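In order, the protein sequence lines correspond to chains H and D.
Letter by letter, the first sequence follows residues 1 to 350 in our numbering.
Letter by letter, the second sequence follows residues 1 to 350 in our numbering.
We treat Cβ as the ideally placed atom computed from N, Cα and C, and that holds for glycine.
The model shown is predicted, which means the values in this text are computed figures rather than measured ones.
Protein chains: 2
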Amino acid sequence: MTPQNLRQGNDRSPAPRSRKPTMADVAAELGVSRALVSLVFRDQPGASPETRERVFAAAARLGYKPDMAARLLARGRSKVLGVLFTARNPHHVDLVEAIYPTAEELGYDLVLSAAVPSRDEHKAIEALVGHRSEALLLCGPTIAEEDIADLGTRLPVVVLGRHLKCAPVDIVTSYDRPGAREVVDHLVGLGHRDIAHVDGGSKPGAPERRRAYRDAMRSHGLADRVRILPGNHTEEGGQEAARGMLAGDEGLPTAVFASNDQCAIGLLDVFTRAGVKIPEQVSIVGYDDSHIAGLSHIDLTTVRQDVPRLARLAVEAADEQLRGVRDPGATLKLESKLVVRGTSGPPTQR
Amino acid sequence: MTPQNLRQGNDRSPAPRSRKPTMADVAAELGVSRALVSLVFRDQPGASPETRERVFAAAARLGYKPDMAARLLARGRSKVLGVLFTARNPHHVDLVEAIYPTAEELGYDLVLSAAVPSRDEHKAIEALVGHRSEALLLCGPTIAEEDIADLGTRLPVVVLGRHLKCAPVDIVTSYDRPGAREVVDHLVGLGHRDIAHVDGGSKPGAPERRRAYRDAMRSHGLADRVRILPGNHTEEGGQEAARGMLAGDEGLPTAVFASNDQCAIGLLDVFTRAGVKIPEQVSIVGYDDSHIAGLSHIDLTTVRQDVPRLARLAVEAADEQLRGVRDPGATLKLESKLVVRGTSGPPTQR
DNA sequence: GCGCGCCACTAGAGCGCGCTAGTGAAGCGA
DNA sequence: TCGCTTCACTAGCGCGCTCTAGTGGCGCGC
């Protein structure tokens, strides 16, 4: 029972593969210090050109890749931004795509976390924080405002596409009024008067769009034609709203302005199946101009948000908060503009 | 020019916010050791129920959240799986959604990295490795096989939806033959004989689907009708192929089998715009059954891959490699099946 | 010769955590 | 009383890296 040579319980190496090489391995290979290797990899002054070359060569030879986790831990700043998005939302996917370039430009690494049906936003956010995100970019978060506020007190947070009353976070979004206004102008200009709105319930952006629709209608003297149908930001929401319109006894409006593209596509679907001609009988307008709307087979008239700039502003806002150049709480709004495609046209006389 | 008091470039404290609490803070708050707090947070035996409660209470009070980077570093196993996907590919997004549940079940955390136009797969993969992913799940990677092989020698890799000759990685994908076979059977059953294929070039899965199409045609005695048009896995690819067909002097086939859904949607688009009736004049079939195909407005006949099982198998394969219960190199294939929707129908006599 | 600045490089202390090997107290049987 | 467990908890090393505060050598001016 010689307890000396108990096998040290090291089932630590997960794979049969050889251990990942570390900085120390590279240093040993060259007979220099780890610090030198570190310098070289961080592209800092203090190493001669020849040494740099030798270090890179040795690293390549050994297959050494810097370990982020250790780097993050050691460095005060992690330079990691956490991005929360909803996998199913094409507009979010567009945003994620657009966030990468600016993040890279400002020297940030991105960690993505998707909210999916089986994994709610709270969990997704926790994962981001756990992975040492310095700041969070939340694409259209649906969690309670106080939760976001709470998060904002812990670390810099930038919310995209949702209005908040008083959370200590930055907000980057589009003006809803001009967009909705343009939609209504466009439809009225085509001759529509019965313009309904399928709203997005309490989903990010929805209340504002609803309000903007109402205002726009009012300013066209169409206050009495305001017709708001409950919906949400999914295809199903649009489908249900369309079924409701078909079954209801108010008759079909000549145009429907949906709270987002997915909802609009749901409308489109049910209407076309029911033999309703788009846009002859009903014009449909969405919101977001997600890449799905652009699919020319769908060809949805919609409101384009300036995704690249939204993304850029969001990353810059996070960066500013991180650098402490200003306190959180800024609200940045961009113009959005109507993109006329095939689902809107003049109403036919009845 | 007193070089002494150069401001030491310490932009280390990123935010004006107070430092994130650590385990030591929690321990100090209670007057216990860090190890105890660690035990409690890892849900390990060795702490009394009352102590556990006190620890959690103190942690909540301070807003302590375990730091992944440190945890990863300290632990041999990081329990993180890196997932590479293409943001623009809806099928990939479906896969990512499906990967979460199994990963969680097996105790893995996920780090996502998107390949986007401005950021190629190499970079995306590097980020994953850097963030200490223990294993990689690559959704339809387009990088060179040798690069994947190289990666496979460094850490466990599971490739989804692409065939590889001899890389030391696991492969999880669908049988292409039965799927393509079903497509051709279906179309032939409807009365089609002129069935073209718009291929996906060298994109993951494309060569196999092309081959499977050819075989299926041959077995129906339609070898002489085999017509393969160059394309790729994007909408644009489909559009170009459709334009080619419209402009070419071979005439339109009565049915087109596209290498993936996006490509099929491109076809759909150009054809409908050109006034070609779908499916009366041309039937169109896609591949993947991504959620876009399911959008009932598109209503694409397509081949459904069993995404939930693909995802589950992929995570399990990664887990098995990590546990070292088998060497890499397994290939798992699942059945896929035809989903008949509205874009396929009997050809009209001409 | 000395002092000085500069350059290339190094020593070593942490970053926040996990984990092994303990420690001391209590309990228990003989 | 002693030996032996068990329980609740602690000390302290090490994960791979960054970063501050050096060290030694060399060239230069006086």
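Cα-Cα separation between residue i and residue j, rounded to whole angstroms
{"i": "asparagine 10 (chain H)", "j": "arginine 42 (chain D)", "result": "Bear in mind that a pLDDT of 32 at asparagine 10 (chain H), under 50, signals an unreliable position, so the number given afterwards is only what the model happens to contain. Their Cα atoms are separated by approximately 19 Å."}
{"i": "glycine 201 (chain D)", "j": "asparagine 232 (chain D)", "result": "5 Å"}
{"i": "alanine 87 (chain H)", "j": "aspartate 327 (chain H)", "result": "31 Å"}
{"i": "leucine 84 (chain D)", "j": "glycine 31 (chain H)", "result": "36 Å"}
{"i": "threonine 348 (chain H)", "j": "leucine 187 (chain H)", "result": "13 Å"}
{"i": "arginine 209 (chain H)", "j": "glycine 238 (chain H)", "result": "16 Å"}
{"i": "valine 307 (chain D)", "j": "glutamate 97 (chain D)", "result": "9 Å"}
{"i": "histidine 92 (chain H)", "j": "serine 344 (chain H)", "result": "25 Å"}
{"i": "lysine 203 (chain D)", "j": "threonine 234 (chain D)", "result": "10 Å"}
{"i": "serine 38 (chain H)", "j": "alanine 60 (chain H)", "result": "15 Å"}
{"i": "glutamate 145 (chain H)", "j": "valine 285 (chain H)", "result": "29 Å"}
{"i": "alanine 124 (chain H)", "j": "alanine 223 (chain H)", "result": "42 Å"}
{"i": "glycine 324 (chain D)", "j": "tyrosine 175 (chain D)", "result": "27 Å"}
{"i": "alanine 330 (chain D)", "j": "aspartate 25 (chain D)", "result": "47 Å"}
{"i": "arginine 19 (chain H)", "j": "arginine 77 (chain D)", "result": "12 Å"}
{"i": "serine 33 (chain H)", "j": "glycine 46 (chain H)", "result": "13 Å"}
{"i": "alanine 57 (chain H)", "j": "glutamate 29 (chain H)", "result": "11 Å"}
{"i": "isoleucine 278 (chain D)", "j": "isoleucine 228 (chain D)", "result": "20 Å"}
{"i": "threonine 301 (chain D)", "j": "serine 48 (chain D)", "result": "60 Å"}
Residue i versus the options, residue with shortest Cα-Cα distance
{"i": "glycine 205 (chain H)", "options": "H:Ile148, H:Thr142, H:Asp147", "result": "H:Thr142"}
{"i": "methionine 245 (chain D)", "options": "D:Gln262, D:Phe271, D:Asp261", "result": "D:Phe271"}
{"i": "valine 158 (chain D)", "options": "D:Pro347, D:Val339, D:Lys337, D:Leu332", "result": "D:Leu332"}
{"i": "glycine 342 (chain H)", "options": "H:Glu182, H:Asp109, H:Asp299", "result": "H:Asp299"}
{"i": "alanine 317 (chain H)", "options": "H:His122, H:Val282, H:Leu138, H:Arg119", "result": "H:Leu138"}
{"i": "alanine 135 (chain H)", "options": "H:Ala27, H:Val315, H:Pro346, H:Ala293", "result": "H:Val315"}
{"i": "valine 226 (chain D)", "options": "D:Asp261, D:Leu313, D:Glu250, D:Glu236", "result": "D:Glu250"}
{"i": "valine 129 (chain D)", "options": "H:Lys65, H:Asp176, H:Ser113, H:Leu155", "result": "H:Lys65"}
{"i": "tyrosine 287 (chain H)", "options": "H:Ser336, H:Pro45, H:Glu126", "result": "H:Ser336"}
{"i": "leucine 73 (chain D)", "options": "H:His131, H:Ser48, H:Leu95", "result": "H:His131"}
{"i": "alanine 27 (chain H)", "options": "H:Thr51, H:Gly324, H:Pro230", "result": "H:Thr51"}
{"i": "arginine 71 (chain D)", "options": "D:Lys203, D:Glu53, D:Asp109", "result": "D:Asp109"}
{"i": "alanine 258 (chain D)", "options": "D:Glu236, D:Val276, D:Glu29", "result": "D:Glu236"}
{"i": "lysine 79 (chain H)", "options": "H:Thr22, H:Glu320, H:Asp224, H:Val339", "result": "H:Glu320"}
{"i": "aspartate 67 (chain H)", "options": "H:Ala330, H:Val282, H:Thr22", "result": "H:Thr22"}
{"i": "glycine 189 (chain H)", "options": "H:Thr254, H:Ile171, H:Ala144, H:Ala115", "result": "H:Thr254"}
{"i": "glutamate 126 (chain H)", "options": "D:His163, D:Gly63, D:Val303", "result": "D:Gly63"}
{"i": "arginine 75 (chain H)", "options": "H:Leu222, H:Ser133, H:Ala241", "result": "H:Ser133"}
{"i": "isoleucine 171 (chain H)", "options": "H:Arg312, H:Pro346, H:Arg19", "result": "H:Arg312"}
{"i": "glutamate 280 (chain D)", "options": "D:Ala247, D:Leu252, D:Phe56, D:Gly266", "result": "D:Leu252"}
{"i": "alanine 264 (chain D)", "options": "D:Gly191, D:Glu240, D:Pro156, D:Ala247", "result": "D:Glu240"}
{"i": "aspartate 94 (chain D)", "options": "H:Leu95, H:Ala114, H:Asp94", "result": "H:Ala114"}
{"i": "alanine 196 (chain D)", "options": "D:Arg54, D:Val282, D:Val55, D:Ser48", "result": "D:Val282"}
Which residues DSSP lists as bridging residue i, in chain order
{"i": "phenylalanine 85 (chain H)", "result": "H:Ala114"}
{"i": "arginine 119 (chain D)", "result": "D:Val116"}
{"i": "alanine 255 (chain H)", "result": "H:Ile195, H:Ser283"}
{"i": "lysine 333 (chain D)", "result": "D:Thr173"}
{"i": "threonine 301 (chain D)", "result": "D:Val285"}
{"i": "cysteine 139 (chain D)", "result": "D:Leu160"}
{"i": "aspartate 67 (chain H)", "result": "Looking at the DSSP assignment, aspartate 67 (chain H) forms no beta bridge with any residue, so it has no partner."}
{"i": "leucine 229 (chain D)", "result": "D:Val198"}
{"i": "valine 96 (chain D)", "result": "Looking at the DSSP assignment, valine 96 (chain D) forms no beta bridge with any residue, so it has no partner."}
{"i": "leucine 338 (chain H)", "result": "H:Val303"}
{"i": "valine 80 (chain D)", "result": "D:Asp109"}
Proximity below 9 Å, CB of residue i to CB of residue j
{"i": "leucine 334 (chain H)", "j": "threonine 173 (chain H)", "result": "yes"}
{"i": "valine 111 (chain D)", "j": "glycine 82 (chain D)", "result": "yes"}
{"i": "asparagine 260 (chain H)", "j": "serine 290 (chain H)", "result": "yes"}
{"i": "leucine 310 (chain H)", "j": "leucine 160 (chain H)", "result": "yes"}
{"i": "valine 198 (chain D)", "j": "proline 230 (chain D)", "result": "yes"}
{"i": "glutamine 422 (chain D)", "j": "proline 90 (chain D)", "result": "Chain D is shown from 1 up to 350; residue 422 (chain D) falls before or after that span and cannot be answered."}
{"i": "tyrosine 100 (chain D)", "j": "valine 116 (chain H)", "result": "yes"}
{"i": "aspartate 269 (chain D)", "j": "alanine 242 (chain D)", "result": "yes"}
{"i": "histidine 163 (chain D)", "j": "aspartate 147 (chain D)", "result": "no"}
{"i": "aspartate 185 (chain D)", "j": "histidine 220 (chain D)", "result": "yes"}
{"i": "glycine 248 (chain D)", "j": "proline 346 (chain D)", "result": "no"}
{"i": "alanine 274 (chain H)", "j": "alanine 69 (chain D)", "result": "no"}
Proximity test, residue i beta-carbon vs the ligand FAD heavy atom, cut-off 8 Å
{"i": "glycine 31 (chain H)", "result": "The ligand content of the structure shown is nil, which means the ligand FAD is not present either."}
Note to self: Between the region 150-161 of chain D and the region 159-178 of chain H, can you find at least three pairs of beta-carbon atoms closer than 8 Å?
What the structure shows: no
Note to self: If contact is defined by three or more beta carbon pairs under 8 Å, each pair taking one atom from either stretch, is the region 177-194 of chain H in contact with the region 214-222 of chain H?
What the structure shows: yes
Check: Do three or more CB pairs link the region 92-105 of chain D to the region 102-111 of chain H at distances below 8 Å?
Finding: no
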